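Visitor: Pasting a structure here, questions to come.
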Amino acid sequence: MQLVVLDGYPINPGDLSWDGIRNFGTLSVYDRTDPLMAAQRMRGADIVLTNKCRVGREELQASRNLRLVAVLATGYDVVDIKAAKELGITVCNVPSYSTEAVAQLTFAHILEHFSRVGQHSALVHKGAWAASPDFTFWQIAPRELNGLTLGILGCGQIGGRVAEMGRAFGMKIIGFSPSRRAGFAGDYVDLDALLKNSDVLTLHCPAKEDTVGIINAENIAKMKDGALLINTARGSLVVERDIRDALESGKLSGYGTDVASKEPISVHNPLIGANNCTVTPHYGWAPKSARIRLLDVTARNIQAFLNGQPQNVVNP
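Residue numbers (the numbering used here): 33 to 348.
And the structure:
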């Protein structure tokens, strides 16, 4: 059996082992694959593993032996699901492996905005505290999360975990989600109420037809003046030019994001250089413990497929 990993470096830059996947057959691991090379590298493979390398209809049709596409991620928008179904190719993903990691990074962005740890540490190293006439010093006073309203757009595994963390900080939790999961640590509201009442709005929904661009100028206008927006989901959920405009006008007090509309981010992205905007390089999912879970579940996905009982299938 031939297995091909199209873009293995982000998942395993050398600190993990591919042995759990290699046990299934002959494994070829490419650190990165140019989109123009994807079809060629997939040719002859029975199973293809991809993280962000696009696998479209053309690549699927050219892969005569292909039976399974194992997405090395939770999001599976890099695969043409419709074409795979038509061609009888199973596609599976890895849900929930990064729940704790992404929820943690969400609060890293929130806490950075309200406590300004990085900003004040840099000032101390530059001598600002040493030059202070008082025992204490701050450029911007920290604010408490207790009593603020945390709005969650997308109340799945990650959104639900963020809600639990927010409640631990004493925040009031509200959420909007098409499907209302039991056990959500807050109150469900409609979208307009979510926008209107959130002091902090954090995005945890997939990029789909009805969510792409959902945070735009029209919906930002419905938000509280001075609200904080956090996005650790997908860059396409927001209109980045509208975010920058809202930061410049003060409508938004800040934007913290781990994702961008094009990744790696372009130097011309409107978020670059924006005030009160923290941008991390889509690494919320990347703790070693999370990546180990990612590979372990992927191996189980492959074994389940070979046993005739596929799991985590996204194109049933």
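Glycine included, C-beta positions come from ideal geometry on N, C-alpha and C.
Bear in mind the structure is a predicted one, so any value in this text is a computation, not a measurement.
Would you please state the rounded distance, in angstroms, between the beta carbons of V123 and R86? I believe it to be under 8 Å.
Guide: 13 Å between Cβ atoms; not a contact.
Visitor: Which full runs of the alpha helix (DSSP H) of 4+ residues lie inside the segment 145 to 229, going along the chain?
Guide: Counting only runs of 4 or more, we get 149 to 157, 189 to 200, 223 to 229.
Visitor: Does the contact criterion of 3 or more C-beta pairs under 8 Å hold for the segment 161 to 170 versus the segment 300 to 315?
Guide: As far as the Cβ criterion goes, the segment 161 to 170 does not touch the segment 300 to 315, which means the pair count is below three.
Visitor: Which runs of the beta strand (DSSP E), 3 residues or longer, sit entirely within the segment 88 to 142?
Guide: The segment 88 to 142 contains these whole beta strand (DSSP E) runs: 100 to 103, 122 to 124.
Visitor: Are the beta-carbon atoms of R266 and P238 separated by less than 8 Å?
Guide: For R266 and P238, yes; Cβs fall inside 8 Å.
Visitor: Any chance the segment 222 to 237 sits against the segment 256 to 265, with 3 or more Cβ pairs inside 8 Å?
Guide: Yes: at least three Cβ pairs fall under 8 Å.
Visitor: Between I172, G159, A133, which has its C-alpha nearest V149's C-alpha?
Guide: Here the closest residue by C-alpha is I172.
Visitor: What residue range does the alpha helix (DSSP H) around V329 cover?
Guide: That run of the alpha helix (DSSP H) goes 320 to 338.
Visitor: Under 8 Å Cβ to Cβ from M33, same chain only, skipping five residues before and after it: list those, please.
Guide: Excluding sequence neighbours, M33 sits near F56, G57, T58, D78, I79.
Visitor: Specify, as a first and last residue, the run of the alpha helix (DSSP H) that G288 falls within.
Guide: Segment 284 to 289 is the beta strand (DSSP E) holding G288; no alpha helix (DSSP H) there.
Visitor: Do you know how far the Cα of A162 is from the Cα of L185?
Guide: The alpha-carbon atoms of L185 and A162 are separated by roughly 43 Å.
Visitor: Under the rule that 16 or more other beta-carbon atoms within 10 Å means buried, what is S60, buried or exposed?
Guide: So S60 ends up on the exposed side.
Visitor: Please list the terminal residues of the continuous beta strand (DSSP E) segment that includes S60.
Guide: Element bounds for S60: 58 to 61.
Visitor: Just the Cα atoms here: how many angstroms apart are A154 and L226?
Guide: Between A154 and L226, the C-alpha separation is close to 35 Å.
Visitor: With distances taken Cα to Cα, identify the nearest neighbour of V345 among W50, Y62, D66, L100.
Guide: Cα-wise, what sits closest to V345 is L100.
Visitor: Quick check: what's the CA-CA separation for L180 versus G202?
Guide: Between L180 and G202, the C-alpha separation is close to 8 Å.
Visitor: Could you tell me if R193 is buried or exposed, where buried requires 16 or more neighbouring beta carbons within 10 angstroms of its beta carbon?
Guide: It counts as buried.
Visitor: Is it right to say V291 is buried, meaning 16 or more other beta carbons lie within 10 angstroms of its own, or is it exposed?
Guide: By the 10 Å Cβ count, V291 comes out buried.
Visitor: Contact between the segment 318 to 327 and the segment 122 to 136 is defined here as three or more beta-carbon pairs at a separation below 8 Å; is this criterion met?
Guide: Contact holds: three or more Cβ-Cβ distances are below 8 Å.
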